[in-house]
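>
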Amino acid sequence: MLAPSSAEAPVAVERLVKVYKTVTAVDGISFALTPGSCTALLGGNGAGKTTTISTIMGLVEPTSGRVTVLGAAMPRQRHLVLHRMNFESPYVNMPMRLSVRQNLTVFGMLYGCPDVAGRIRALSQQLDLDEFLDRQTGKLSAGQKTRVALAKSLVNEPEILLLDEPTASLDPDTADWVRGRLERYRQERGATVLLASHNMSEVERLCDRVIMLKAGRIEDDDTPARLIDRYGRSNLEEVFLDIARGTGEAREAAQ
Amino acid sequence: MSVQAPAHVALSARRMFAMVLRHWYLLKSSWPRVFDLMYWPAVQMLMWGFLQIYVAQNSGFFARAAGTFIAAVMLWDILFRGQLGFSISFLEEMYARNMGNLMMSPLRPVEFVAALMIISVIRLSIGMVPVSLLAIWFFGFNLWGLGLALPVFFLNLFLTSWAVAIVVAGLLLRNGLGAESLAWGIMFMVLPLTCVYYPVAVLPDWLQAFAWMLPPTYVFEGMRALIIDRVFRADLMLQSFALNAVLMAAAVAGFLTLLKSARREGTLLQGGD
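Spelled out as structure tokens, the structure:
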């Protein structure tokens, strides 16, 4: 996989190691994202995806190695770049008692939007929030909450968007709608997207690169099509299973 | 790829205001939260007010010292509810599972802390202003009649309450909701030593040394001097300020250390027990 140099990459991870007491969550991984690309971080539970993304967000301090985002070393220089990135995860909520408009107002201000009301209007049109903009966030359906979370993640028009299972627990129709909006945002803004997901069809549709993690290490790194071809499989899910189970095909393909 | 202009690095009043607004929206949307802010201060004030009347009727000294109990309980409420207002607002973010959003946003820890300080003043005002008016109506005790001493007492008590709350916030970040009970009960640890309802001289000699290490002790002694002897003890207030400055510096250093430790241990996104 041809990757940009660390200096040019919007996100660069170099020999990242993270050890929690005696558990090694990430074990010396390196990768750099191409500007405007969409990369998936795949792996089973405990593979190191969340730790890697948390380190990129500046929420976790590396044990060793280096993570830079838009040239800033994380987490030490995070305040230089946090306003240029954003994230979305179903495992982090927005205040439930606040209305959608109130939540977006607060986050718009936190992210330094110059015209918060105008930005909310634009997001409301793009993400179809109009009908529930003044309803309490906690009273929305799962699909509506995801749209609100997506609006929050786009409130500052981020150059880097980190997504942790953005369509988890959504019905296929809503999930497809969310993917469509993410694709459109990336194309229009030229944003760099890093996505952790267990949904392989989602990864095949959205991502031009897949980094396969296993036990904190990178097992493989390529485009979805080349991975499928190299492993002799018909889809990414089968490749994922080969790698997760460490079958003979996976070992041969990786070599 | 280069990092952007340092304008975003400076402390931002707008981000602090955003956090104040977030908690204002929360209070506006929830009458039980607002009711809770007034309920306990009112109950405490009434209980101690009636006790004061009873004691004053049976003691010449307390007849002369009218108002000390009510003043003490109201100043104690400033200390306790100042800390609680800060800590509860912090806990609200953990209950809402919103901490990850905030920690990932450009909001700086110092801005977050400053916003929580402002919110604690707003929360205390919602509770204490009506209760102070109730005290005038019920017992003829006018807290506002303490004059210029009141803001000095107020500031000293708030500085202590914030310092304690900042350490609690750090512990919550580091240890998750397992440290929640500290938020509710930590101030009661110092209640006997700060001599809210009795003079420091009542304590055994060896305990008095510990009492004088706590900034609120000077405020409560100063309050009694003002009400009983009609003397404003500036010396006590200055000592309280000095101790508060040390306490606040230690609290901020402790908070930053705990925050760094939370980043190392990866607990910022968890918030569980």
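The listed protein sequences correspond, in order, to chains F and S.
FYI, the numbering used here numbers position 186 of the first sequence as 189, with every residue one higher than the one before it.
FYI, the numbering used here numbers position 184 of the second sequence as 187, with every residue one higher than the one before it.
For each residue, glycine too, the CB sits at the ideal point set by N, CA and C.
Note that the coordinates shown come from a computational prediction; the quantities given were computed from them, not determined experimentally.
1) Bridge partners for Arg-138/F per DSSP, in chain order?
2) How should Trp-51/S be labelled, buried or exposed, when 16 other C-beta atoms within 10 angstroms of its C-beta is the threshold for buried?
3) Take Ala-50/F as the anchor and find which of Thr-71/F, Leu-73/F, Val-20/F, Cys-41/F has the nearest alpha-carbon.
4) Can you tell me whether DSSP reads Asn-89/F as helix, strand or coil?
5) Using 8 Å as the limit for Cβ to Cβ distance, is Ser-200/F near chain S?
6) Does the pairing of the stretch 186–199 of chain S with the stretch 212–225 of chain S give three or more beta-carbon distances under 8 Å?
7) Going by DSSP, what residue range makes up the beta strand (DSSP E) through Arg-233/S?
8) Going along the chain, which residues of the stretch 95–111 of chain F sit with their C-beta nearer than 9 Å to a C-beta in chain S?
9) Which full runs of the beta strand (DSSP E) of 3+ residues lie inside the stretch 176–211 of chain F, going along the chain?
10) Below 8 Å on the Cβ atoms is my contact criterion, and I expect Val-340/S with Ile-121/S to pass it. Report the Cβ-Cβ distance as a whole number of Å.
11) According to the neighbour-count rule (16 or more other Cβ atoms, all chains shown, within 10 Å of its Cβ), is Ser-200/F buried or exposed?
12) Can you tell me the Cα-Cα spacing of Arg-189/F and Leu-166/F, whole angstroms?
13) Could you compute how far the alpha carbon of Arg-298/S sits from the alpha carbon of Ser-164/S?
14) Would the beta-carbon of Thr-195/F fall within 8 Å of that of Val-181/F?
15) Based on the DSSP output, what are the partners of Glu-17/F in its beta bridges?
16) Using the rule of at least 16 other Cβ atoms within 10 Å of the residue's Cβ for burial, across every protein chain shown, is Glu-64/F buried or exposed?
17) When the cut-off is 8 Å and only beta carbons count, does Ser-57/F lie next to chain S?
18) Apply the 10 Å Cβ neighbour rule to Val-249/S and answer buried if 16 or more other Cβ atoms are within range, or exposed otherwise.
19) With a threshold of 7 Å, establish whether the CB of Gly-193/F neighbours any heavy atom of the ligand ADP.
20) Since Phe-90/F meets chain S, which of its residues come closer than 7 Å, beta carbon to beta carbon?
21) For Gly-179/S, return the contacting residues in chain F, with the cut-off set at a CB-CB distance below 8 Å.
22) Interface residues of chain S around Thr-54/F at Cβ under 9 Å?
23) Using a Cβ cut-off of 9 Å, which residues of the stretch 208–223 of chain F contact any Cβ in chain S, in chain order?
24) CB-CB under 8 Å to Glu-114/S, same chain, minus the five flanking residues each way: which ones, in chain order?
25) Tell me the DSSP secondary structure of Ser-33/F in three-state form.
26) Quick check on the burial criterion: 16 or more other C-beta atoms within 10 angstroms. Buried or exposed for Ile-139/S?
27) Buried or exposed: where does Ser-92/S fall if 16 or more other Cβ atoms within 10 Å of its Cβ makes it buried?
28) Note down, in chain order, each residue of its chain lying with its Cβ closer than 6 Å to the Cβ of Met-3/F, except the 5 sequence neighbours on either side.
29) Strictly below 9 Å CB to CB, what residues from chain F border Tyr-28/S?
30) Express the C-alpha separation of Gly-269/S and Leu-198/F in angstroms, rounding to a whole number.
31) Looking at the structure shown, is Lys-217/F part of a helix, part of a strand, or coil, going by DSSP?
32) Give me the chain F residues within the contact set of Arg-100/S, using Cβ-Cβ distance strictly less than 7 Å, ordered along the chain.
33) Reducing DSSP to helix, strand and coil, say where Leu-126/F ends up.
34) For Val-76/S, name the three-state secondary structure that DSSP assigns.
35) Cβ closer than 9 Å: which chain S residues qualify as neighbours of Met-77/F?
36) How many angstroms separate the CA atom of Asn-61/S from the CA atom of Val-134/S?
In this structure, then:
1) Per DSSP, none; premise fails for Arg-138/F.
2) With 16 or more other CB atoms across the displayed protein chains lying within 10 angstroms of its CB, Trp-51/S is buried.
3) Residue Val-20/F is the option with its Cα nearest to Ala-50/F.
4) Asn-89/F falls in the strand class under three-state DSSP.
5) Residue contact check for Ser-200/F against chain S: no CB pair falls below 8 Å.
6) Contact holds: three or more Cβ-Cβ distances are below 8 Å.
7) Here Arg-233/S belongs to no beta strand (DSSP E), and DSSP marks it neither H nor E.
8) Result list: Val-95, Asn-96, Met-97, Pro-98, Met-99, Arg-100, Leu-101, Ser-102, Gln-105, Asn-106, Thr-108, Val-109, Phe-110, Gly-111.
9) The DSSP assignment places complete beta strand (DSSP E) segments of no fewer than 3 residues inside the stretch 176–211 of chain F at 195–199, in order along the chain.
10) Within the shown structure, residues of chain S are numbered from 4 to 276, placing residue 340/S beyond reach of any answer.
11) Burial call: buried.
12) Distance between the alpha carbons of Arg-189/F and Leu-166/F: 13 Å.
13) No information on residue 298/S is available, as it lies outside the stretch 4 to 276 that chain S covers here.
14) No; because the gap between Cβ atoms is not below 8 Å, this pair is not in contact.
15) Note: Glu-17/F sits in a beta bridge opposite Arg-69/F.
16) Per the 10 Å Cβ criterion, buried.
17) The beta carbon of Ser-57/F falls within 8 Å of a beta carbon belonging to chain S, placing the residue at that interface.
18) With a threshold of 16 other beta carbon atoms within 10 Å, Val-249/S falls short and is exposed.
19) In the structure on display, the ligand ADP does not appear, and there are no ligands present to speak of.
20) The contact set of Phe-90/F on chain S, defined by CB atoms closer than 7 Å, consists of Met-107 in chain order.
21) Taking the beta carbon of Gly-179/S as reference, no residue of chain F falls within 8 Å; the closest one sits roughly 14 Å away.
22) Near Thr-54/F (Cβ distances below 9 Å), the residues of chain S are Gly-269.
23) Within the stretch 208–223 of chain F, not one residue has a Cβ closer than 9 Å to any Cβ of chain S.
24) Cβ neighbours of Glu-114/S within its own chain (closer than 8 Å, five residues either side excluded): Leu-14, Ser-15, Arg-18, Met-19, Met-22.
25) For Ser-33/F, the secondary structure class from DSSP, reduced to helix, strand or coil, is strand.
26) Result: exposed.
27) Under a 10 Å Cβ-count criterion, Ser-92/S is classified as buried, with 16 or more other Cβ atoms of the shown protein chains found around its own Cβ.
28) The first residue shown for chain F is 4 and the last is 258, placing residue 3/F beyond what the model contains.
29) Result: Pro-98, Arg-100, Leu-101, Ser-102, Gln-105, Asn-106, Thr-108, Val-109.
30) C-alpha separation (whole angstroms): 20 Å.
31) Under the three-state reduction of DSSP output, Lys-217/F falls in the strand class.
32) In chain order: Val-95, Asn-96.
33) Here Leu-126/F sits in helix by DSSP.
34) Taken through DSSP and simplified to helix, strand or coil, Val-76/S comes out as helix.
35) Here the premise fails: no neighbours, minimum Cβ distance about 10 Å.
36) Annotation: Asn-61/S to Val-134/S spans about 26 Å, alpha carbon to alpha carbon.
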